[in-house]
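Participant: Take this structure first; my questions come after.
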Amino acid sequence: MAAFEGLFALEGRPTAQLIADQLREQIVQGIFRPGEQINESVLASQLHSSRGPVREALQRLSQEGLLVSHRNRGVFVLELSNEDIKEIYAVREAVETTAAEALLAAGEERVKDTCQILTGIIEDMAKQVAVSDWQAIARLDMQFHTAFVSGTGNTRLIRIYETLAAESRMCILNLEVAYPRIDALVEEHQKLLDLLAAGNKAGLLKAIKRHMQTAVDDLTAQRDDKRETVKKTSRA
391 MAAFEGLFAL EGRPTAQLIA DQLREQIVQG IFRPGEQINE SVLASQLHSS RGPVREALQR
451 LSQEGLLVSH RNRGVFVLEL SNEDIKEIYA VREAVETTAA EALLAAGEER VKDTCQILTG
511 IIEDMAKQVA VSDWQAIARL DMQFHTAFVS GTGNTRLIRI YETLAAESRM CILNLEVAYP
571 RIDALVEEHQ KLLDLLAAGN KAGLLKAIKR HMQTAVDDLT AQRDDKRETV KKTSRA
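The sequence shown begins at 391 in my numbering and counts up one residue at a time.
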């Protein structure tokens, strides 16, 4: 239960939302590992909270898909399979494709404002790539895509994407050890930005699809490599 030490005690009466927000960040950062059990009573004690808000927070994160509840066993952090990864990125592709079409249809002013935000994120990403701060890179990666979708102003689209963003950060952080294309991250995101700024709809949609497929290929390949390593170790 060492992971609970990373949580801070909330002053006053903590709300379920505050607890859920804190837990979500711990999960996507990998402090709570995939498959790890979340003990409700221990968590309540750590946060100096009653069990009611903690239970509600766990239910919220279960509804988001970050936690999985097993009857008579408890609540556990989601373990992402290759199929989960493919589903997450397929939905991301669908949402971002819709967002791209909506942004380009919204007019030059909306596109310009969104591009300005994305430019700042890419600049920050380049700085973190230079120092290989993977936690910051993963955060900025999803910040870029979330800002892209947020540029549409479509509240329902944005709400859907927020859940995908949390799951995606879990995926991205798993690539830290052997990510083959860290130097290409800034270039890939800059290309998406340039296509949006140019109003190149066909090129942008194609680039989004390629961006998502490449991520799936990298993620699933690394999971396969890890499984093979485990098999070899167990045989030895």
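Cβ atoms here follow ideal geometry from the backbone N, Cα and C, with glycine treated the same way.
(1) F534 and I550 look like a contact to me (Cβ under 8 Å); what is the Cβ gap, rounded to whole Å?
(2) In the DSSP assignment, find the unbroken beta strand (DSSP E) run with L457 in it and report its ends.
(3) Please confirm whether L583 and A597 have their CB atoms less than 7 Å apart.
(4) Tell whether a beta-carbon distance below 7 Å holds between R414 and E430.
(5) Thinking just about the alpha-carbon of each residue, which of I548, A537, A516 is nearest to the one in E577?
(6) With 16 other CB atoms within 10 Å as the buried threshold, where does R482 fall?
(7) Taking 8 Å as the limit between beta carbons, can you name the residues of its chain near L451, skipping five residues before and five after?
(8) By the DSSP assignment, the alpha helix (DSSP H) with F534 in it spans what residues?
(9) Does Q427 come out as helix, strand or coil in the three-state DSSP assignment?
(10) Does the count of Cβ pairs from the region 496–506 and the region 538–546 closer than 8 Å reach three?
(11) Apart from the five residues just before and just after G425, which ones in its own chain have a Cβ nearer than 8 Å to its Cβ?
(12) What separation, rounded to the nearest whole angstrom, lies between the Cα atoms of A555 and R529?
(13) DSSP on G589, reduced to helix/strand/coil?
(14) According to the Cβ coordinates, are L508 and A537 closer than 7 Å?
(15) Check whether the Cβ atoms of I478 and E557 sit closer than 7 Å, and answer yes or no.
(16) DSSP three-state call for G464: helix, strand or coil?
(17) DSSP on L451, reduced to helix/strand/coil?
(18) Could you compute how far the alpha carbon of G589 sits from the alpha carbon of D608?
Facilitator: A quick look at the data gives this:
(1) Here the question's residue 534 lines up with position 144 in the sequence shown. Here the question's residue 550 lines up with position 160 in the sequence shown. The distance from the Cβ of F534 to that of I550 is about 17 Å, inconsistent with a contact at the 8 Å cut-off.
(2) Along the sequence shown, one-based indexing puts residue 457 at 67. Per DSSP, L457 is one residue of the beta strand (DSSP E) stretching across 457–460.
(3) Here residue 583 refers to the residue found at position 193 of the sequence shown. Here residue 597 refers to the residue found at position 207 of the sequence shown. The beta carbons of L583 and A597 sit no closer together than 7 Å.
(4) As a first step, residue 414 is located in the sequence shown; it is residue number 24 there, counting from the start. As a first step, residue 430 is located in the sequence shown; it is residue number 40 there, counting from the start. Contact flag unset, no.
(5) Walking along the sequence shown from the start, residue 577 turns up at place 187. For E577, the nearest C-alpha among the options comes from A516.
(6) Walking along the sequence shown from the start, residue 482 turns up at place 92. With 16 or more other Cβ atoms within 10 Å, it is buried.
(7) Position 61 of the sequence shown, counting from 1, holds the residue named residue 451. Contacts found: A410, L413, R414, I417, L457.
(8) As a working mapping, residue 534 is identified with position 144 in the sequence shown. Following the DSSP letters along the chain, one finds F534 inside the alpha helix (DSSP H) bounded by residues 524–540.
(9) Within the sequence shown, the letter at position 37 stands for residue 427. Three-state result, Q427: strand.
(10) Under the 8 Å Cβ criterion, the region 496–506 counts as touching the region 538–546, having at least three qualifying pairs.
(11) The residue labelled residue 425 in the question sits at position 35 within the sequence shown. So the list reads F466, V467, E469, once near-sequence residues are dropped.
(12) The residue given as residue 555 occupies position 165 in the sequence shown. The residue given as residue 529 occupies position 139 in the sequence shown. Taking the straight line joining both Cα atoms gives about 9 Å.
(13) Locating residue 589 in the sequence shown gives position 199, counting from the first residue. Coil.
(14) Here the question's residue 508 lines up with position 118 in the sequence shown. Here the question's residue 537 lines up with position 147 in the sequence shown. A contact, by the Cβ cut-off of 7 Å.
(15) Here residue 478 refers to the residue found at position 88 of the sequence shown. Here residue 557 refers to the residue found at position 167 of the sequence shown. Cβ atoms of I478 and E557: closer than 7 Å.
(16) The sequence position of residue 464 within the sequence shown is 74, counting from 1. In the three-state reduction of the DSSP assignment, G464 falls in the strand class, which pools E and B.
(17) Position 61 of the sequence shown, counted from the first residue, corresponds to residue 451. Residue state, collapsed to three classes: helix.
(18) Residue 589 sits at position 199 when you count from the first residue of the sequence shown. Residue 608 sits at position 218 when you count from the first residue of the sequence shown. Going by C-alpha positions, G589 is about 29 Å away from D608.
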